[in-house]
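Only one structure is covered here, and it is reproduced in the block below.
Numbering (the numbering used here), first residue to last: 10 to 512.
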């Protein structure tokens, strides 16, 4: 209902309600001949007045009736479509409202308030990806709409997630933050996208520079701690989390502090922090599991069993809870009661490698040697695959972060820094054609034509089917006076463009 009111407020005729973007032009184009007939024109004007009066009086049903009557008299009235959409939104008739908004957009394709409201309506219908193009059009038509920039950043981050989308989201949040630097929501959105492309220092700088009080300050402090933990700065994270606790932070902060204390080797302090977290929020399963695991490491098996039994009760479908409870029992010398928990864990998650390994140990301790060997063989095969997948995934993630950081600086005009970052990415992945292409772009922007040619040629060698590498190489060939080579690359580019869509 709140969202419906927000959407409607972007279109309602009452100036007091306002709307995102510049004031829509409420003037109609010259009237068609039949509306120049005084009785018809008078009837149309009366219907519009009745509709706006009903809307102002909080009677959207009456407004709908009046605006529909106006559209019967003048089907091409932009305002009648716009106001009818507003009334429909107040009644949460989102599909009908979209139809009216589409008609209004057909009459005025660049009207920012209509484009923005189309996007908001699509989000209410959970058609999030469809909303993105409307938001992009809305901010292009009126760049001063911070709300549209912010929503665009959120949708790109949450419902696309590709590197290109994260870069576009970063730019959207930067635009929003420039217009509304006091918005904590925008600030946190921007720092999250910075983290996604490895701009940790920039994110921390923003968070340190934000001056807030109360719960807002606490949110910013916790965001800062998350970045510090992500980059392995546990001492800094410890100081930040301690500051948050002093300001009244709750269970999640104690949970994070427990992880930090454990990474710093302070096991007593880690236990105290995790116990506090579970006391403040008894169903915080992450903290319960972390505490149980810590107690196993400390060989406090009785306490571990009690803690992990609670985890199983809180989250009976959590495979790791069953696995850790089984491990606590196994380490305490009770293999017969441990094995059923490992089996339950694997029933919930057949790929949980630690549970397979622990089951093999439990079967061995029960004297079921052949079963133990078969289970251990299963673990070895799965673990080898998981390790290989993890290495590949971690490497791909690291390359994507470095590549994204380079593209960020390239798009912001810092081509020299972008070049340095792309060269770092090539150290991680010398055979990545996209990184070679991006390095070529940076060299080209710096006027390093020879180096740009080398990079583009290597990109084409690694992936000969991406057209834009040929176009970029043609430009660099021409800069070096190699006209025949440039013409050859341009011809190849045109040939590929007929069939493919590339960079």
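Every residue, glycine too, gets a C-beta built ideally from N, C-alpha and C.
ask   = With DSSP run on the structure shown, which of helix, strand or coil describes residue 341?
value = coil
task = Could you pull the start and end residues of the alpha helix (DSSP H) that residue 256 belongs to?
result = It is not in any alpha helix (DSSP H) - residue 256 carries neither H nor E in the DSSP assignment.
task = Could you tell me whether the Cβ atoms of residue 130 and residue 107 are closer together than 8 Å?
result = yes
ask   = For residue 238, which of 72, 65, 268 and 94 has the nearest alpha-carbon?
value = 268
Buried versus exposed, by CB contacts within 10 Å (16 or more), residue 474 = Within a 10 Å sphere around the beta-carbon of residue 474 sit fewer than 16 other beta-carbons, which makes this residue exposed.
ask   = With burial defined as no fewer than 16 other Cβ atoms inside 10 Å of the residue's Cβ, what is the status of residue 476: buried or exposed?
value = buried
Contact check, residue 256 vs residue 234, beta carbons under 8 Å = no
task = Give me the Cα-Cα distance between residue 272 and residue 213, rounded to the nearest whole angstrom.
result = 21 Å
Under 8 Å between C-beta atoms of residue 83 and residue 75 = no
Straight-line gap, residue 350 to residue 367 (C-alpha atoms, nearest Å) = 10 Å
query = Whose CA, out of 365, 133, 470 and 451, lies closest to the CA of residue 104?
reply = 133
request  = For residue 57, I'd like the list of residues in its chain whose CB is within less than 6 Å of its CB, leaving aside the five on either flank, ordered along the chain.
outcome  = 79
request  = Measure the Cβ-Cβ separation of residue 448 and residue 436 and say whether it is below 8 Å.
outcome  = no
inquiry  = Using a Cβ-Cβ cutoff of less than 7 Å, which residues in the same chain neighbour residue 225 once the five nearest sequence positions on both sides are dropped?
reply    = Correct list, in chain order: 193.
task = State the start and end residues of the unbroken alpha helix (DSSP H) segment that holds residue 170.
result = Neither: residue 170 is in no alpha helix (DSSP H) and is coded neither H nor E.
DSSP three-state assignment for residue 496, whether helix, strand or coil = helix
query = Is the number of C-beta pairs between the stretch 374–388 and the stretch 396–410 that are closer than 8 Å three or more?
reply = no
query = For residue 458, which residues of its own chain have a beta-carbon under 6 Å away from its beta-carbon, when the five flanking residues on both sides are left out?
reply = 485, 488 and 489
task = Mind checking which residues open and close the alpha helix (DSSP H) that includes residue 121?
result = 121–133
inquiry  = Please state the DSSP three-state secondary structure of residue 283.
reply    = Here residue 283 sits in helix by DSSP.
request  = Indicate whether residue 73 and residue 50 have their beta-carbon atoms separated by less than 8 Å.
outcome  = no
C-alpha distance - residue 205 paired with residue 155, whole-angstrom precision = Those two C-alpha atoms are separated by around 22 Å.
ask   = Quick one, are the C-beta atoms of residue 434 and residue 415 less than 8 Å apart?
value = yes
key: Backbone CA spacing between residue 29 and residue 176 [nearest angstrom]   = For residue 29, the pLDDT reaches just 41, beneath the cut-off of 50, and the residue's location in the model is therefore unreliable, although a value from the coordinates is still provided. When rounded, the separation of the alpha-carbon atoms in residue 29 and residue 176 is 24 Å.
query = By the 10 Å Cβ neighbour count, where 16 or more other Cβ atoms means buried, how is residue 42 classified, buried or exposed?
reply = With a pLDDT of only 48 at residue 42, under 50, the local geometry of the prediction cannot be trusted, and no value is derived from it.
request  = Starting from the Cα of residue 86, find the closest Cα among 62, 148, 71 and 54 and give me that residue.
outcome  = 54
request  = Pick out the complete alpha helix (DSSP H) segments inside the stretch 44–69, 4 residues or longer, and give them in chain order.
outcome  = 47–65
message = Contact defined as beta carbons within less than 8 Å: I believe residue 419 pairs with residue 450. What is the distance between those atoms, to the nearest angstrom?
response = 6 Å
request  = Report, in whole angstroms, the separation of the C-beta atoms of residue 320 and residue 297, which I expect to be a contact under 8 Å.
outcome  = 4 Å
Backbone CA spacing between residue 385 and residue 241 [nearest angstrom] = Counting only the Cα atoms, residue 241 lies some 33 Å from residue 385.
key: C-alpha distance - residue 302 paired with residue 333, whole-angstrom precision   = 7 Å
message = Rounded to the nearest angstrom, what separates residue 229 and residue 249 at their Cα positions?
response = 10 Å
task = Would you kindly work out how many angstroms separate the C-alpha atoms of residue 122 and residue 98, rounded to a whole number?
result = Those two C-alpha atoms are separated by around 14 Å.
key: Backbone CA spacing between residue 137 and residue 162 [nearest angstrom]   = 12 Å
query = Under three-state DSSP, which class holds residue 472?
reply = coil
query = Quick one: is residue 265 buried, meaning 16 or more other Cβ sit within 10 Å of its Cβ, or exposed?
reply = Buried, since its Cβ has 16 or more Cβ neighbours within 10 Å.
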